[in-house]
Every structure is written in structure tokens, then in C-alpha cells.
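Asker: Protein chains in written order, with full-length UniProt numbering: chain A, 1 to 332; chain B, 1 to 332. The beta carbon of each residue, even a glycine, is placed where N, CA and C say it ideally should be. First the structure, which I've put down as C-alpha cells, then a few questions once you've had a look.
2 protein chains.
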Amino acid sequence: MAEVAARAGVAKQTVSNVVSGKKVRPETLAKVNTAIAELGYKPNLVARSLRTGSTSTVGLFVPRVANPFYSEVVEEVENVLVGHGYNLLLATTRDDPDYTRAHLENLAARSVDALLVAGDNGVEQQLPMLVDAAFPVALCAWEGDAPTTLPVVSIDYEHAGFLAGRYLRDLGHRNVAVIADLPAHSPRVRGLRRAFADDGLAIDDRQVFACTRDDAAGGFAAGSAALEADPELTAIFATHDVLAVGAIESVVRSGRRVPDDVSIVGFDDISQVGQIQPALTTVTFPKREMAQQAVELLLRAVDSGRPPTNVLTLLRPTLTIRDSSAAPRATG
Amino acid sequence: MAEVAARAGVAKQTVSNVVSGKKVRPETLAKVNTAIAELGYKPNLVARSLRTGSTSTVGLFVPRVANPFYSEVVEEVENVLVGHGYNLLLATTRDDPDYTRAHLENLAARSVDALLVAGDNGVEQQLPMLVDAAFPVALCAWEGDAPTTLPVVSIDYEHAGFLAGRYLRDLGHRNVAVIADLPAHSPRVRGLRRAFADDGLAIDDRQVFACTRDDAAGGFAAGSAALEADPELTAIFATHDVLAVGAIESVVRSGRRVPDDVSIVGFDDISQVGQIQPALTTVTFPKREMAQQAVELLLRAVDSGRPPTNVLTLLRPTLTIRDSSAAPRATG
DNA sequence: TTGAAAGCGCTAACAA
DNA sequence: TTGTTAGCGCTTTCAA
Chain A
1 MAEVAARAGV AKQTVSNVVS GKKVRPETLA KVNTAIAELG YKPNLVARSL RTGSTSTVGL
61 FVPRVANPFY SEVVEEVENV LVGHGYNLLL ATTRDDPDYT RAHLENLAAR SVDALLVAGD
121 NGVEQQLPML VDAAFPVALC AWEGDAPTTL PVVSIDYEHA GFLAGRYLRD LGHRNVAVIA
181 DLPAHSPRVR GLRRAFADDG LAIDDRQVFA CTRDDAAGGF AAGSAALEAD PELTAIFATH
241 DVLAVGAIES VVRSGRRVPD DVSIVGFDDI SQVGQIQPAL TTVTFPKREM AQQAVELLLR
301 AVDSGRPPTN VLTLLRPTLT IRDSSAAPRA TG
Chain B
1 MAEVAARAGV AKQTVSNVVS GKKVRPETLA KVNTAIAELG YKPNLVARSL RTGSTSTVGL
61 FVPRVANPFY SEVVEEVENV LVGHGYNLLL ATTRDDPDYT RAHLENLAAR SVDALLVAGD
121 NGVEQQLPML VDAAFPVALC AWEGDAPTTL PVVSIDYEHA GFLAGRYLRD LGHRNVAVIA
181 DLPAHSPRVR GLRRAFADDG LAIDDRQVFA CTRDDAAGGF AAGSAALEAD PELTAIFATH
241 DVLAVGAIES VVRSGRRVPD DVSIVGFDDI SQVGQIQPAL TTVTFPKREM AQQAVELLLR
301 AVDSGRPPTN VLTLLRPTLT IRDSSAAPRA TG
């Protein structure tokens, strides 16, 4: 920069002004620009960051990237950030409080401008640190009790579960099983139960199968267990789509058909499940809208230099009916 | 830092030595550490980066994150980086040379320590810039002609296609269609063709269907077109799994069955396709090994301060046979 | 082993 | 509008 200034016959400050687009007399601007071009000068953003304390970088915490739900969130967050001229520093928490804390300290030391936390697993314990962070923090896809001290962009998980439950109930299903990632997804299960309870029907604890693994294999195992426990089963609600995919397999392997014998309803509407056989009926989670709103909330705070507006935004989930669900067969 | 030094009664330099784990007399160390604890001192990594020119941050370019192949790569890259104490700056190129260039300049200005580029689409044009970068660059999942100037960790795509082709040929399939993302995936198609050519069989251009969309819907459309063009079709090779999922749907929708009427073979072995119905036969791409090796290659270069060893590493793809493929029905 | 001084490249604040 | 000065927080250099 000093070289550029010397070559253009101006002060470093003037070069700085040119680079950051401040007001400069046109002829000075031209001189500086040619000097920049001739020397191939590129500003050093680390130095700028040290001086200004801001890095144009936003951190994002997700439990895992190779989970279709979160990979879509990551993609959308990056989209929005790039649109605003920000960078994405991605960290996976693995649902592990220790990882989360280590990453948090690292981000703080690197002075990121903001942090978005997606998913609540393993993060609850770090909430005090998040609140005290020197930069704006927002939470999204938060299913547990939302802290009142931080802005949250999420959906009403209980209502989302209710949508699935009401749908199955109205179709006439009575022998229903739930396969769930517990305790993480209990609000979804609660919503489903409420839908049946509204009609005087109870979903027993024995109808709820917790998955030991959070992947399709876990869904397969839980689905198989559910079918064995109640061979008369006519519907399965899986608390997320990946489990639902495993559940479909368990039904098919047992010699039953979907949806003729057993209906399956999932949760999330990850991009793949609309195309599998049978196309999955699921609760659609507006992931991209969520990511967008959360990032924009943060960037507004960054730009204004004030803490983010502390709101709880709940987007509306909807039910997307495809081919994996139908009314139960009339019991001859 | 000055405060800590003052409180401990030492020079700033000594504090620096303590923080970066250099040799310090035990009693001095203790004094400094208590001062650090009392003041809650946290080193400023931006300042360190300005001084040292290194940021403990590695850039990763992927075309898209919400593509199961790349999301697995991202996850593994992050894993390895965290294991080595590095951060991940993630950028999506969207297969767009302009985005790629902009991101590249940004990373350079932020002085990342290294850059890993996954996928070649839209990146070829930036190769000269990549070669000239001030930091180590490596390429992975590179399907086009690999540049000799940069290290590459990839697989032999042509051979991978050959594996799929040989398998289908040996099963006895003769009416085969290919649905492909072209021209990106032509090596895979070439390999398939070679397998058939070895047996004196030719795969005609009319049997190759280019997808207009790079998702399951594109696979569905291409699959439908293929079935219409040749109703006697007994096998479809899709150049990646997401297309294969769409192809399965097209077969089922046409009233045929997989694999009884039509076999489907995919490519990549993304984590979902082992669990769908029918479980997909596919060419397994050792993505995580690839990511690991590429990152470690880069970090070795960073640590040694020398350019990365310029090697071409080709991992071995394998064929994973599941339920979507079988011998063609004997034509009565 | 420790201390003092210098400077990484930039921008905020003020003066001209 | 432009130039000067100072300093962000750290590490490198050199001297004690």
C-alpha cells in the first residue's frame, strides 16, 4: 500500500480511501487506480480486520454436514452470506458440548462478525457463553425450549407433529407407531399425540420406538421392531425423513406394501424423498426460508452495530402428501 | 496482552511465549498463567495472523453443498481439518467461473493457508490463477484432464465406468441406456462403452441420454425418454446416484419393475442409496479417503512451508452390488 | 531465558 | 479533499 501511495504520489490514507470506495477527487482516483493496476496491489484483509475488528466472516454451527437437512441449511446460509459479501466459517458440533465450546472460543478469537447455530443438540449447555459472545448470535432449527435471551428462527415443532397426526387420524388410522430420535424430537411426538388425543385416541408409550441410530439403519431397526410389536399396524410416523426411508424398507422387507398395508409419514422434506419409491408424505420444513431469515437478522445486527432484535420467529410447517400414505385398508 | 504482562511483571514477549507454548521457566509460566486466568485473557488470532501471515484456515470449494456427494466431502474435510487444528472456510462455486474467481481472490486476500478444490466444473478456467496462488492448492474429485501443475487426489473415472459396464455386460445385458450429466461425466460413459466394446458390443449415441437437470427430476426425465426410445431396455446406467434415483422412479412409473424388468446401476454410493427401495447397485467412490488424503497433502505442505508434492493420486473405485440389478429376463 | 524495540498492513482521528 | 500521526495485538529481531 505504501508502494502504491508512493507511485501515485499520494498518502497511504488516500489509497485506503480509494480501495474502500470513499470519496476521492476523480483525478486522484485515476492516479491511484493506475498505480494499483501497475503494481498488482491487493489489499490485505487480515490487516483491515485487525484494525476494524470485523472480518466479514460469519460462523455457522451444524451438528453434521452430511445430513441432508443441514446440508441444505448450509447451502442456503452460504448463498445469503455471499450475496451480502460475507464469508462462511463452517464448524460441525457433532452434538458434542466440548466441540461446540472449542469452536466457539476459536470463532471468538478470530473475531467473526456473527454466529448462527443450527440445531440444539449439545448446544444448550453453551447457551451462557453464546449470550456473552462479543458478536451477534442467533439460533435456528431449535426444537428444545428456546432461550429468551437469544433470537431464534425456527418452526413450531409441536404443531408440525400435530399436522402429521391429524392427517393420519383423519385418514382413519388407529394402529399407529412412532419411530423417533428421542429425546431430541419429543415435541414432534407430542404434537402427534395431541392430534390423536383430540379425538379421544391415545398413543401409548409402547407405540413409540426410540431409534438407537440416527440414520436409515436406525429407522429400519425401529420400523422392524414396531411391526413385530403390532402386526396390525397401519401407519408409521418417523420424526425425520432419513428414519422414514429406513422405515419404508422395514415395511417392504416384512412383505407388506407402502401405502397399501402401512402408511409412512416423515418429517423435514429433504430434497431426496420426493423422488424415491414411494414418494414420501412428509411435513415440509421451510429450511431455506429459515436460513435466510436467520442470516439476515444477524447481518442487520452486524451492519447496524447493535445487538440483533431478540425475536422468536416461527415459520409455518406444512404437510406434503405424496405416495407413501393412504387410508388404512378396510378391515374385512 | 500488555495487561497480562504488566500484571505478571514480565514483558509482552514472555506472555507470547507462554501462549504459543514455547520454552519458559516454570515459575514464570505459573505467574503468567495466573495473570491470564485472572484477566480472562484470550489471544487475538487476527493479530497473530497479520504478523505471521498464516491463519490456520483452509478454504474448500465445492460446486454445491446440498449435493449428497459433496456434503460428505465437506464433512470429511472439516473432520480432518479440526483434527489438525485448522478452520474451514467454505465457498460454493456453483460451477460458475465468475463465482470461483471472486472466491479465490477473497481467499487470497484473507491469506488462507491452503485451498482444496472439489470438482472440476467451472474451475478449469481458473487453473492458471490456482497455480499462481500464494498458498498450496490441491484438486480432488477431478474428472476432466488433470493439470500436471497441481496435485490431484481423485479416482479413475473411466475405470469406474468400466466396472459398471463390465458388470452389466457380464450379467448379459445388451439393451442398455446411459443417462448422464454431460459433458461433465463423459469419462464414466467412456469406461462403460469400453467394457461393452471389449466384447464387440457398441453403445450407440442414441442410447446415451444427457440430463438437462442435475437432480432426480432430470434422471426421471432422461429415464423416461430412454424407456420410450427403446421399450426393450433391460438396464440403465446413471452417471450419478441422484440421477439413478430418478431413473428408478421412471422405470416404476412406466409399469416395469426394478430389477426384474430393468436393472439400474448408479455412481458415487452416496449414503442414502443403500437404504432406498430397491437398494441401489452403484460404483462406490471412496470420498472420505479422498478428502482425507487431499487435506493431509495440503497440511503437510503448510507445515513444511514448501509447495505440496505434486502427485496424481487415484483411489480405486469398487462396485457395490445391491438390489437394483440382476440378469436380464430370459427372452422367451 | 527474558526484555525492549520495531513493524506486519491497514484505518480512525485529526490537522492542513 | 488530502496528508500526518498513531495504533489495532501480536511476533520477530536483537540485545541484555
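1) So is glutamine 292(B) in contact with chain A if we call contact Cβ pairs under 9 angstroms?
2) In three-state DSSP terms, what is glycine 219(B)?
3) Go to alanine 177(B), then tell me how far its beta strand (DSSP E) extends in each direction, as first and last residue.
4) Identify the continuous alpha helix (DSSP H) that holds phenylalanine 162(A) and give its terminal residues.
5) For valine 153(B), name the three-state secondary structure that DSSP assigns.
6) Just to confirm, is the Cβ distance from alanine 134(A) to alanine 118(A) under 9 angstroms?
7) At 3 residues or longer, and completely inside the stretch 276 to 306 of chain B: list those beta strand (DSSP E) runs for me, N to C.
8) Pick helix, strand or coil for phenylalanine 209(B), following the three-state DSSP scheme.
9) Please report the distance separating the alpha-carbon of arginine 174(A) from that of valine 189(A).
10) If you check the beta carbons only, do serine 325(B) and alanine 235(B) fall under 9 angstroms apart?
11) How do the stretch 65 to 77 of chain A and the stretch 278 to 298 of chain A stand: do at least 3 beta-carbon pairs fall below 8 angstroms, yes or no?
12) Can you look up asparagine 310(A) in the DSSP assignment and give me helix, strand or coil?
13) Strictly below 8 angstroms CB to CB, what residues from chain A border valine 74(B)?
14) Roughly how many whole angstroms lie between the Cα atoms of arginine 316(B) and isoleucine 155(B)?
15) Run through chain A and tell me which residues come within less than 8 angstroms of alanine 108(B), C-beta to C-beta.
16) Identify the contact partners of serine 271(B) in chain A, using a Cβ-Cβ distance below 7 angstroms as the criterion.
17) Taking 9 angstroms as the threshold (C-beta atoms), are leucine 171(B) and proline 328(B) in contact?
18) Can you give me the start and stop residues for the alpha helix (DSSP H) that valine 82(B) sits inside?
19) Are the beta-carbon atoms belonging to aspartate 268(B) and histidine 240(B) less than 9 angstroms from one another?
20) Is the stretch 263 to 282 of chain A touching the stretch 237 to 254 of chain A, taking contact as three or more C-beta pairs under 8 angstroms?
21) Can you pull the chain A residues whose beta carbon is under 7 angstroms from the beta carbon of glutamate 249(B), in chain order?
22) Based on the DSSP output, what are the partners of valine 62(A) in its beta bridges?
23) Which residue's Cα is closest to the Cα of glycine 255(A): Val153(A), Gly266(A), Pro231(A), Gly219(A)?
24) Using beta-carbon positions only, say whether leucine 192(A) and glycine 223(A) come within less than 9 angstroms of one another.
25) Of all the residues that make up the stretch 154 to 172 of chain B, which are near chain A by a beta-carbon distance shorter than 8 angstroms?
26) In three-state terms, what does DSSP make of valine 258(A)?
27) With DSSP collapsed to three states, give me the class of leucine 104(A).
28) How would you write the range of the alpha helix (DSSP H) that leucine 36(A) sits in, first residue to last?
29) Is it the case that the Cβ atoms of valine 62(B) and alanine 91(B) are separated by a distance below 9 angstroms?
30) Can you tell me which of His159(A), Arg166(A), Arg213(A) puts its alpha carbon nearest to the alpha carbon of aspartate 181(A)?
31) Smallest Cα separation from valine 80(A): which of Asp98(A), Ser56(A), Ala35(A), Arg94(A)?
Answerer: Checking against the coordinates, here is how it stands:
1) Against the second sequence, residue 292(B) aligns to sequence position 292. Not closer than 9 angstroms to any Cβ of chain A, the Cβ of glutamine 292(B) fails to qualify, so no.
2) Working through the second sequence from its first residue, we reach residue 219(B) at position 219. Glycine 219(B): helix per DSSP, three-state reduction.
3) In the second sequence, counting from the first residue as 1, residue 177(B) sits at position 177. Taken as a continuous stretch (DSSP letters only), the beta strand (DSSP E) holding alanine 177(B) covers 176 to 180.
4) Indexing the first sequence from 1 puts residue 162(A) at position 162. That run of the alpha helix (DSSP H) goes 157 to 171.
5) Position 153 of the second sequence, counted from the start, is the residue given in the question as residue 153(B). In this structure, valine 153(B) counts as strand in the three-state DSSP scheme.
6) Residue 134(A) sits at position 134 when you count from the first residue of the first sequence. Residue 118(A) sits at position 118 when you count from the first residue of the first sequence. Not in contact: alanine 134(A) and alanine 118(A) (Cβ atoms no closer than 9 angstroms).
7) 281 to 284
8) To locate residue 209(B), count along the second sequence from 1; it is residue 209. In this structure, phenylalanine 209(B) counts as strand in the three-state DSSP scheme.
9) Here residue 174(A) is taken as the residue at index 174 of the first sequence, counted from 1. Here residue 189(A) is taken as the residue at index 189 of the first sequence, counted from 1. The alpha-carbon atoms of arginine 174(A) and valine 189(A) are separated by roughly 16 angstroms.
10) For this step, residue 325(B) is matched to residue 325 along the second sequence. For this step, residue 235(B) is matched to residue 235 along the second sequence. The answer is yes: Cβ separation under 9 angstroms.
11) yes
12) In the first sequence, the residue the question calls residue 310(A) occupies position 310. Asparagine 310(A): coil per DSSP, three-state reduction.
13) Position 74 of the second sequence, counted from the first residue, corresponds to residue 74(B). Neighbours of valine 74(B) on chain A, chain order: Val65, Ala66, Ser71, Val74, Leu90.
14) One-based indexing of the second sequence puts residue 316(B) at position 316. One-based indexing of the second sequence puts residue 155(B) at position 155. Their Cα atoms are separated by approximately 6 angstroms.
15) Residue numbering aside, residue 108(B) sits at position 108 when the second sequence is read from its first letter. Going along chain A in sequence order, the residues near alanine 108(B) (Cβ under 8 angstroms) are Lys42.
16) On the second sequence, residue 271(B) is found 271 positions in, with the first residue counted as 1. In chain order: Ala66.
17) Looking up residue 328(B) in the second sequence gives position 328. Looking up residue 171(B) in the second sequence gives position 171. It is a contact, given that the beta carbons lie within the stated cut-off.
18) By one-based count along the second sequence, residue 82(B) stands at place 82. Valine 82(B) -> alpha helix (DSSP H) spans 68 to 83.
19) Translated into the one-based positions of the second sequence, residue 268(B) becomes position 268. Translated into the one-based positions of the second sequence, residue 240(B) becomes position 240. Yes; because the gap between Cβ atoms is below 9 angstroms, this pair is in contact.
20) yes
21) As a first step, residue 249(B) must be located in the second sequence, where it is residue number 249. Here the neighbours are Gln275, Gln277.
22) Residue numbering aside, residue 62(A) sits at position 62 when the first sequence is read from its first letter. Bridge partners of valine 62(A): Thr92(A).
23) Counted from its first residue, the first sequence places residue 255(A) at position 255. Answer by Cα proximity: Pro231(A).
24) As a first step, residue 192(A) must be located in the first sequence, where it is residue number 192. As a first step, residue 223(A) must be located in the first sequence, where it is residue number 223. No, the Cβ-Cβ distance between leucine 192(A) and glycine 223(A) is not below 9 angstroms.
25) none
26) Your numbering for residue 258(A) matches position 258 in the first sequence. DSSP places valine 258(A) in coil when its eight states are reduced to three.
27) Sequence index remark: in the first sequence, residue 104(A) carries index 104 (1-based). Three-state DSSP puts leucine 104(A) in a helix.
28) Taking the first residue of the first sequence as 1, we reach residue 36(A) at position 36. As written in the sequence, residue 36(A) is isoleucine, which differs from the leucine given in the question. Isoleucine 36(A) -> alpha helix (DSSP H) spans 26 to 39.
29) Translated into positions along the second sequence, residue 62(B) becomes position 62. Translated into positions along the second sequence, residue 91(B) becomes position 91. It is a contact, given that the beta carbons lie within the stated cut-off.
30) In the first sequence, counting from the first residue as 1, residue 181(A) sits at position 181. For aspartate 181(A), the nearest C-alpha among the options comes from Arg213(A).
31) The residue you call residue 80(A) lines up with position 80 of the first sequence. For valine 80(A), the nearest C-alpha among the options comes from Ser56(A).
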